[in-house]
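Trainee: Residue numbers (the numbering used here), protein chains in the order written: chain D, 192 to 514; chain X, 192 to 514; chain B, 192 to 514; chain R, 192 to 514; chain H, 192 to 514; chain P, 192 to 514.
There are 6 protein chains.
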Amino acid sequence: MAIFGYGDIVLYSGRGCQSLSSEISSRLMVPLGGCDVIKFANENIFVRLHSSVRGQDAFIVQTTSSPVNDNLMELLIFIDTLKRASAGRVTAVIPYLAYARSDKKDQPRVPITARLVADMIQVAGADRYITLDLHAGQIQGFFSIPGDTLTAFPLLADYMREKNLDEAVVVAADLGFAKKARNFAMELSLPVAFIEKRRTGEFSSALTVIGDVKDKDAIIVDDEVNTGGTLVNAVQLLYDYGARNVYCCFVHPVLSGNAAERLGQLPITEIVTTNSIEIPHEKFKLLPKITILSVAPLLSGVINRVHEGRSVGEMFKPYHGYS
Amino acid sequence: MAIFGYGDIVLYSGRGCQSLSSEISSRLMVPLGGCDVIKFANENIFVRLHSSVRGQDAFIVQTTSSPVNDNLMELLIFIDTLKRASAGRVTAVIPYLAYARSDKKDQPRVPITARLVADMIQVAGADRYITLDLHAGQIQGFFSIPGDTLTAFPLLADYMREKNLDEAVVVAADLGFAKKARNFAMELSLPVAFIEKRRTGEFSSALTVIGDVKDKDAIIVDDEVNTGGTLVNAVQLLYDYGARNVYCCFVHPVLSGNAAERLGQLPITEIVTTNSIEIPHEKFKLLPKITILSVAPLLSGVINRVHEGRSVGEMFKPYHGYS
Amino acid sequence: MAIFGYGDIVLYSGRGCQSLSSEISSRLMVPLGGCDVIKFANENIFVRLHSSVRGQDAFIVQTTSSPVNDNLMELLIFIDTLKRASAGRVTAVIPYLAYARSDKKDQPRVPITARLVADMIQVAGADRYITLDLHAGQIQGFFSIPGDTLTAFPLLADYMREKNLDEAVVVAADLGFAKKARNFAMELSLPVAFIEKRRTGEFSSALTVIGDVKDKDAIIVDDEVNTGGTLVNAVQLLYDYGARNVYCCFVHPVLSGNAAERLGQLPITEIVTTNSIEIPHEKFKLLPKITILSVAPLLSGVINRVHEGRSVGEMFKPYHGYS
Amino acid sequence: MAIFGYGDIVLYSGRGCQSLSSEISSRLMVPLGGCDVIKFANENIFVRLHSSVRGQDAFIVQTTSSPVNDNLMELLIFIDTLKRASAGRVTAVIPYLAYARSDKKDQPRVPITARLVADMIQVAGADRYITLDLHAGQIQGFFSIPGDTLTAFPLLADYMREKNLDEAVVVAADLGFAKKARNFAMELSLPVAFIEKRRTGEFSSALTVIGDVKDKDAIIVDDEVNTGGTLVNAVQLLYDYGARNVYCCFVHPVLSGNAAERLGQLPITEIVTTNSIEIPHEKFKLLPKITILSVAPLLSGVINRVHEGRSVGEMFKPYHGYS
Amino acid sequence: MAIFGYGDIVLYSGRGCQSLSSEISSRLMVPLGGCDVIKFANENIFVRLHSSVRGQDAFIVQTTSSPVNDNLMELLIFIDTLKRASAGRVTAVIPYLAYARSDKKDQPRVPITARLVADMIQVAGADRYITLDLHAGQIQGFFSIPGDTLTAFPLLADYMREKNLDEAVVVAADLGFAKKARNFAMELSLPVAFIEKRRTGEFSSALTVIGDVKDKDAIIVDDEVNTGGTLVNAVQLLYDYGARNVYCCFVHPVLSGNAAERLGQLPITEIVTTNSIEIPHEKFKLLPKITILSVAPLLSGVINRVHEGRSVGEMFKPYHGYS
Amino acid sequence: MAIFGYGDIVLYSGRGCQSLSSEISSRLMVPLGGCDVIKFANENIFVRLHSSVRGQDAFIVQTTSSPVNDNLMELLIFIDTLKRASAGRVTAVIPYLAYARSDKKDQPRVPITARLVADMIQVAGADRYITLDLHAGQIQGFFSIPGDTLTAFPLLADYMREKNLDEAVVVAADLGFAKKARNFAMELSLPVAFIEKRRTGEFSSALTVIGDVKDKDAIIVDDEVNTGGTLVNAVQLLYDYGARNVYCCFVHPVLSGNAAERLGQLPITEIVTTNSIEIPHEKFKLLPKITILSVAPLLSGVINRVHEGRSVGEMFKPYHGYS
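Encoded structure:
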């Protein structure tokens with residue numbers, strides 16, 4: 192039966208996040224829609240839906256992790272397909288939004304690709320978007336369609352809280368993350384410290400810890416880990432400054448290149464992340480100390496609320512501080 | 192000095208067609224603009240121009256051949272960069288436009304990706320486009336910005352004419368190309384024949400030649416060759432029907448998968464194509480009988496005319512029949 | 192009761208297709224909406240609806256046959272009226288879309304009027320369109336609103352199939368129609384032949400039949416017949432090549448100028464077409480051998496499905512080959 | 192040489208105002224651009240320009256008088272052609288804009304066609320417009336592109352002033368024109384009177400003159416005359432109220448239906464109008480007492496100023512009161 | 192329960208019309224939505240809704256009277272908030288629309304701010320608008336979203352009719368209002384007269400009454416009263432011409448500057464207006480002879496009909512003459 | 192003479208920044224354009240330009256400081272006026288952009304007003320913008336028109352560097368400013384410290400200094416100072432932690448409410464800011480220790496470069512770190 196003008200939920204999964212989509216599908220008790228997603232010999236991606244979505248409330252779950260541009264293009268083609276197939280409403284569910292770090296001109300003659308991506312999603316025909324922990328909350332403003340930007344930091348905080356670390360400190364590995372790290376620390380009732388990186392030459396830089404980490408369990412927190420380079424340096428530095436254990440918490444396990452290998456070898460107590468990006472098996476097995484929290488309950492809950500016109504805001508504290 | 196409101200030509204090359212761009216650059220006597228085009232570890236593409244393009248008449252040459260989605264995304268990011276760097280005008284020069292075969296809904300619930308791509312190019316900020324032998328002329332209408340769609344078929348025809356084949360026939364390997372094949376034949380004052388493919392079962396089909404090819408030199412003509420499957424069948428069929436030699440002419444050498452290998456082994460007299468797509472060396476060496484005509488004179492001529500506000504139409508016959 | 196956010200179907204007819212609209216109205220069991228459509232003394236067209244359409248699911252049926260520009264303008268004004276009268280959704284049902292042959296720049300400095308028309312329909316405020324056998328399937332991509340492009344060729348094929356012609360051949364009178372003619376032939380399990388027209392001078396041209404028609408019933412197939420000139424030549428030619436009977440099948444009976452007279456005098460067995468365009472009585476009586484199949488069941492079926500959010504695709508074979 | 196980023200003026204004429212365009216062409220000393228404007232047998236209008244307009248400053252002069260919808264469509268197709276032919280700037284010069292009276296919803300469920308027309312002109316690709324005495328000045332706001340709305344009332348006023356009518360009064364035949372009539376009267380230093388029309392039944396109405404016309408020369412002024420019905424009644428009424436002579440001044444001689452005949456038979460001293468609309472010869476000869484003032488000097492002056500970036504405002508008094 | 196695709200009515204009030212909104216709220220039996228509307232120390236306005244509006248049918252009532260720009264900005268921010276909070280539909284209810292007199296370029300180099308305001312309302316995300324007696328009906332055409340422009344003149348007319356003034360005349364104080372004054376007169380079956388203002392020098396002007404007011408009750412009618420200057424002059428003039436009583440009827444009591452003081456001192460029988468704008472208490476007490484008719488029944492009736500998809504037109508006479 | 196398609200610079204000043212505009216005017220040697228900017232009795236703002244801007248390169252300098260909404264509306268009306276007056280290009284020069292802190296949804300049901308403002312500037316008709324130290328660099332991405340976002344921090348850094356403070360530390364008073372503070376520190380080769388604010392109850396919070404300030408000159412740096420509340424607390428705290436002197440550097444002196452008074456009474460060595468916002472005289476005299484650096488050289492330099500098509504980037508270090 193139609194709620195608010197749309198038919199039933201129909202749920203599709205791009206090839207970037209099959210496991211997560213399956214989990215969402217189970218929780219929603221809505222089967223994944225049948226479709227062919229083909230990459231032809233000429234690399235052109237093609238989508239064909241197996242059954243009608245006319246008037247339905249369509250959700251396409253597609254993360255834009257590796258292969259980034261293929262996954263992004265697949266998302267856009269899916270949206271176009273759903274729109275032209277006369278879906279009642281098309282919501283792009285993007286657990287991890289690529290290009291979010293290209294969000295401003297911080298030097299002359301560079302692009303603002305995150306705005307471009309938002310425009311592409313809109314021009315393809317999406318009516319709404321749902322995403323998770325954008326690198327900068329302002330990226331919400333790159334969209335003129337409404338959307339729901341969720342945060343998985345409370346998930347990470349809940350997990351860490353249960354460890355009852357008695358002498359701990361939250362550490363921002365990057366000053367751009369200072370405020371969110373403070374908020375994370377506040378949720379855990381812990382102090383906060385910062386790592387300052389300062390270029391000392393064209394190819395060298397010096398790191399300093401500002402704040403007190405000595406004899407403490409340091410919890411490095413960030414939105415994503417890419418190559419792991421920052422993390423490698425940070426972990427070493429924290430031990431140098433006297434930290435007794437180091438934990439790493441981040442939402443998006445991008446883990447580019449040999450990041451998994453590097454992280455696997457770090458003298459780190461535990462890595463805590465989510466399945467916003469699916470870690471391929473060969474990388475996963477290099478990470479014995481990793482804990483992956485599922486964002487499926489979060490995303491499926493939001494999809495349900497969006498569909499039924501119930502508040503999404505009430506799932507979170509009014510001011511959660513992660514946007 | 193400014194002509195028509197823009198400064199000088201500034202010319203950039205995407206990574207998809209470096210050789211062609213160099214050739215265009217030489218012909219225009221305009222150096223390729225310095226820039227960094229980086230694919231970060233997380234696969235996000237990033238562009239940074241080395242010098243100011245403010246007010247200039249910018250041309251970005253980027254083909255969208257393999258890797259298709261990376262090249263397409265790079266093109267869009269280049270356009271955004273040029274727009275935000277305040278170029279006076281941004282022209283996307285796209286020798287080969289991917290996704291052109293996804294140009295209509297010929298079955299339910301499929302995308303029209305070619306329109307999506309046109310919209311993406313516009314929303315990124317291109318003021319104009321230049322392209323070559325679109326799969327369907329109607330794709331021009333997918334753009335609302337003005338553009339120049341050129342054809343390289345006269346190049347191919349000129350080359351074939353000089354062979355003075357006395358008993359030849361032009362053959363369309365696909366009925367969708369019948370009309371353009373007739374026009375190609377007309378330019379060469381040759382008759383035309385068609386290969387009809389008809390499905391006979393779910394996985395089988397029968398081919399027939401309609402028209403007379405016996406004891407003739409058959410010139411198969413098409414806009415692009417992808418996997419080469421159609422061509423392999425066509426060549427064999429034409430010999431079966433009594434053709435004495437077979438030539439293949441096509442503009443865009445997509446040559447996906449093992450197409451180069453297949454074509455290299457065909458009992459074919461000559462393959463004639465263009466450099467709208469750069470054939471990688473390892474494929475090229477499998478194709479001893481290939482002749483590659485350069486579209487650089489064509490593209491550089493048009494860029495010059497666009498810049499100077501001179502007629503592009505006068506480079507072609509009024510009705511050339513390849514749109 | 193509202194389905195998918197819109198109220199009941201309300202159905203209006205432009206003055207271009209009153210009979211067809213009445214037939215659709217009967218089949219839908221929805222009366223045509225009362226309205227004044229006035230062409231003032233100054234030729235300005237004016238529309239006034241007699242009752243409220245607020246929130247309703249409005250369909251305006253208007254073909255764009257002669258008088259073409261009046262009918263087109265009337266369609267646009269109807270759409271604007273429905274939008275500003277706060278219809279819940281406005282669907283333009285256009286059995287025949289004019290200007291569809293002006294769909295590409297095949298020579299310099301000409302318009303792409305079909306894209307212009309699509310833009311005009313959108314800017315007037317249509318949410319969707321329904322149309323029938325576009326000259327080129329790509330015109331779907333000229334719209335960014337979703338729509339349903341239907342085909343009446345299966346209707347024509349069904350009708351011809353029942354004749355059980357034992358030795359017949361399908362003939363494309365224009366090479367641009369070669370592929371669709373092949374598909375039509377495939378549906379009837381018949382071979383296909385082509386008529387090639389080649390200019391031989393500024394005002395002269397030569398016609399050739401490619402393929403075998405001797406001693407066969409030839410079925411000429413095309414999307415529309417305009418002046419009938421092509422047809423007159425084709426029929427004569429087919430008899431010259433030994434055809435024993437000639438049938439003509441086409442969807443849109445444009446029949447401009449004295450086309451009806453010319454066709455009426457042709458030595459033709461039967462003309463089979465549809466009522467996508469209403470043939471005026473004075474023309475109709477010149478065509479004794481014409482059979483008109485109604486597209487009203489098709490259009491009313493689709494309107495119902497669009498309204499109820501049921502699949503339109505399942506009315507057709509997945510790949511019907513007429514787009 | 193390029194002024195302000197565009198090349199030379201290129202000037203085209205639609206078929207709606209050939210004489211006026213020729214006069215403009217002579218005054219600008221710019222020949223009319225060669226072009227084919229064809230109405231095919233199927234009534235589709237087609238435009239083809241004979242030479243390149245790339246980068247030029249294109250002006251298309253087309254009035255939208257009878258045949259209104261054909262002329263409007265021709266204007267739009269011309270604009271699309273010029274845009275896609277890469278004109279540097281496209282200015283639509285529309286001496287008379289049709290549908291201007293359909294400018295508001297003054298009853299439920301009617302269109303605002305004037306806004307629709309403005310949107311159509313923009314979506315076709317016009318960069319600017321020039322027009323003359325819009326029915327309501329607010330129609331300027333229907334455009335978001337810049338434009339120049341000119342007035343020919345000073346022309347009419349200058350002409351009337353030279354008659355040195357000693358006892359005259361300006362009369363508004365419609366109360367909607369009261370303010371502009373007052374302004375016209377002010378320019379001539381004459382008093383003003385009004386004709387009030389009041390419906391007295393469904394098909395009857397009563398007319399009253401408000402103000403003093405007895406023993407005076409009455410100068411009826413209006414923006415356009417359509418069927419002439421209002422005028423016929425007004426002239427009789429003014430004589431009934433004791434006017435000694437009646438003059439009629441209006442900018443746009445729409446003269447629909449038998450208006451010319453009716454006006455020709457009126458006991459009127461002189462009709463003064465302009466060539467914003469070309470009066471066909473057979474109508475013209477019915478109007479012995481008509482004086483036609485040319486708007487060509489006005490339009491060519493403005494075209495020149497637009498091209499050269501000089502003030503258009505200084506051609507008029509700062510507040511002329513006719514918008 | 193959802194009607195036509197939206198949830199329940201949710202009703203918000205801007206700070207510009209709290210009393211009117213409360214009255215509407217009572218009539219609709221829908222409580223005003225809780226929200227914080229804050230003007231920070233830096234004058235930035237901020238809106239926060241207390242509960243979810245997801246999928247609901249949201250109406251924001253905000254007049255744009257003094258402080259005009261603050262109220263306008265607050266309206267826009269409210270719309271943005273509702274859109275981004277995923278309201279199903281956002282309707283801007285604007286009893287008085289500011290800037291409506293800046294609706295055309297009646298002199299060179301001035302803005303058309305009313306169009307700008309319409310664009311701002313649309314770009315902020317409104318789906319519909321409801322407003323009351325626009326200065327010019329054409330402003331409806333500045334919006335491309337649908338809307339309902341209502342009139343309160345029948346309210347004023349009903350009130351005046353009950354006075355049974357036996358010898359009365361309706362007077363337009365401005366010639367731009369002549370036609371609407373005639374319509375108001377027609378509703379009351381009264382004659383109409385006009386005041387003509389004519390500039391006689393740079394800073395002086397002369398007023399004349401055209402029509403008969405002697406020994407009559409004069410009812411001045413206008414859409415709004417701003418500084419009251421026109422009215423002060425008109426009242427005096429009417430007495431000079433022999434009127435025995437003067438009434439003033441207008442919809443929007445803008446009453447800028449010391450207008451209330453001036454009007455309070457006028458020898459006027461009664462001022463009749465509406466609460467489209469809330470008259471502040473200190474002004475109200477200066478106006479002993481004022482009667483304020485409430486537009487709340489009108490606005491709440493329309494909101495209900497918009498929500499339920501019932502005709503708004505049937506609340507008015509088909510052609511009411513006030514647009 | 193026209194450079195890049197536009198005429199000469201024409202420069203207008205809104206009423207929000209008359210002194211700054213005058214200084215820019217002097218530096219550019221371009222007089223401020225004559226215009227009337229009127230706030231009518233009804234508070235509607237009106238703009239009228241005194242002379243033609245047709246084809247010229249127009250710059251309107253208007254800051255959006257107090258009165259914020261009036262100044263913003265005035266800016267938009269100016270842009271509309273310039274566009275409709277046919278300026279060749281319109282650049283909005285906005286030294287201080289209001290609403291920049293409303294740049295993301297950091298809690299449910301709040302607006303993103305900064306995006307709304309960007310959209311309003313674009314819909315009004317600006318072709319470009321120039322602004323200074325946006326609160327978040329991402330706001331650049333809210334615009335799809337190109338623009339130049341400049342920074343005045345190097346100005347502040349140069350001024351501070353000349354003091355040769357031997358034992359100093361840069362302090363970020365807000366963790367959201369941590370990264371930019373680090374960059375400011377890096378330019379001065381100084382260490383950096385942070386003030387952490389943590390809510391301890393609904394109405395209370397605790398402040399901590401993280402990093403070393405003891406016996407140092409503390410330089411608090413921020414983008415703007417609004418009420419001064421943060422600053423008052425920070426200064427006290429720094430002295431508590433042993434700082435020997437405190438300096439305050441910020442670009443935008445918003446100084447709302449009694450901020451000037453509060454700052455004037457602070458035990459602070461020097462306040463260093465710019466004239467991006469004009470401090471009214473009565474506030475200025477409360478601030479004896481203030482130094483105001485002019486951004487006029489910066490803005491006039493950029494205007495010149497934008498006009499002449501020369502690089503703006505080369506005025507800054509490639510990566511300046513303040514976006």
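By construction, the Cβ of each residue, glycine as well, lies at the ideal position given by its N, Cα and C atoms.
(1) Ordered along the chain, which non-local residues of its own chain (more than five positions away) have a Cβ less than 6 Å from that of Gln331(D)?
(2) Identify the contact partners of Arg501(P) in chain X, using a Cβ-Cβ distance below 9 Å as the criterion.
(3) Give the list of continuous beta strand (DSSP E) stretches no shorter than 3 residues that lie fully inside the region 301–383 of chain P.
(4) Look at the Cβ atom of Thr342(R), then the Cβ atom of Asp318(R), and state whether they are nearer than 8 Å.
(5) Anyone know if the C-beta pair for Val301(X) and Ile268(X) falls short of 8 Å?
(6) What residues from chain R crowd round Pro345(X), counting only those whose CB sits closer than 7 Å?
(7) Going by DSSP, name the residue or residues bridged to Thr465(R).
(8) Do you know offhand how far Tyr438(P)'s Cα is from Arg390(D)'s?
(9) Once you ignore the five residues that flank Met192(R) on each side, which residues in its own chain have a CB closer than 7 Å to its CB?
(10) Can you confirm whether Gly504(R), when its beta carbon is compared against all beta carbons of chain P, has any partner nearer than 8 Å?
(11) Quick check on Val400(D): does DSSP put it in helix, strand or coil?
(12) Using 8 Å as the limit for Cβ to Cβ distance, is Gly196(R) near chain P?
(13) Across which residues does DSSP place Cys208(B) in a beta bridge pair?
(14) Report the three-state DSSP secondary structure of Val423(X) (helix, strand or coil).
(15) According to a CB-to-CB cut-off of less than 8 Å, which residues of the region 412–428 of chain X neighbour chain D?
(16) For chain D, is any of its Cβ atoms less than 8 Å away from the one on Asn260(X)?
Mentor: This is what the structure gives:
(1) These residues qualify, in order along the chain: Thr340.
(2) Those within 9 Å of Arg501(P) in chain X are Ser243, Arg245 and Gly246.
(3) Whole beta strand (DSSP E) segments, 3+ residues: 319–323, 338–341 and 359–363.
(4) Taking 8 Å as the Cβ cut-off, Thr342(R) and Asp318(R) do not qualify as a contacting pair.
(5) Going by C-beta atoms, Val301(X) is not nearer than 8 Å to Ile268(X).
(6) Going along chain R, no residue has its Cβ under 7 Å from Pro345(X), so there is no contact; the nearest lies around 19 Å.
(7) Per DSSP, Leu484(R).
(8) Straight-line spacing of the CA atoms in Tyr438(P) and Arg390(D) works out to 25 Å.
(9) Confidence at Met192(R) is low in this model, with a pLDDT of 47, below 50, so the placement of that residue should be treated as unreliable; the coordinate-derived value is given next. Within the same chain, no Cβ atom closer than 7 Å to the Cβ of Met192(R) is found once the five residues on either side in sequence are excluded.
(10) For Gly504(R), the answer is yes, since a Cβ of chain P falls inside 8 Å of its Cβ.
(11) In the displayed model, Val400(D) falls within a strand according to three-state DSSP.
(12) Yes, because at least one Cβ of chain P sits closer than 8 Å to the Cβ of Gly196(R).
(13) When DSSP reads this structure, Cys208(B) sits in no beta bridge, so it has no partner.
(14) In the three-state DSSP reduction, Val423(X) falls in the helix class (H, G or I).
(15) For the region 412–428 of chain X, the residues whose beta carbon sits under 8 Å from a beta carbon of chain D are, in order, Asn417 and Thr418.
(16) With 8 Å as the cut-off, Asn260(X) counts as an interface residue toward chain D.
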